[in-house]
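Okay, structure first, notes after.
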Amino acid sequence: SSFKDRLGVLRDSGDSSLASFSTFLKNGLSREALVTLDAIRNGIKAYVKGFAGDIALSNDGWRQYGKYNENEQFDFYPSLFINPIGEQLKLQEMLCHSQLFVEYVNRKERDSKETAELSKSDVGRFI
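This note's numbering applies: residue 420 is where the sequence shown begins, and numbers increase by one.
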């Protein structure tokens, strides 16, 4: 189930520490709430790490997206970070409309159907 669903169940549960701040202060987080919040935190961390690209992958990755000013303070230029992402998105959009990519998706669909049919057959169950 989705994180939203899991949080909804915990919120609606009468004994959940997520439903009441005073319950949270008294009892802390339940195991279920802790696992859910930890999974959400890890999902956000993975998203930000993927989004931040070179900045997250390297200790010095941030350097290529700005420069030091006359006061020796680093000025970050978002356009240096965003422009290559925009260009990559334009390329992906063009490729998605190409016959080559359409054929790739069709092939993946056929392969998926063949795998499903094989797993349903006697040969697939034997293997």
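Glycine residues also receive a C-beta, built at the ideal position from the N, C-alpha and C atoms.
Query                                                                                                                                                    : Result
May I ask which residues mark the beginning and end of the alpha helix (DSSP H) holding residue 466?                                                     : 450-471
Indicate whether the contact test is met: 3 or more Cβ pairs, each with one atom in the stretch 423-430 and one in the stretch 438-453, closer than 8 Å. : yes
Report yes if the C-beta distance between residue 484 and residue 499 is below 9 Å; otherwise report no.                                                 : yes
Just the C-alpha distance for residue 442 and residue 523, rounded to the nearest angstrom, thanks.                                                      : 53 Å
Would a C-beta distance cut-off of 9 Å place residue 475 and residue 468 closer than the cut-off?                                                        : yes
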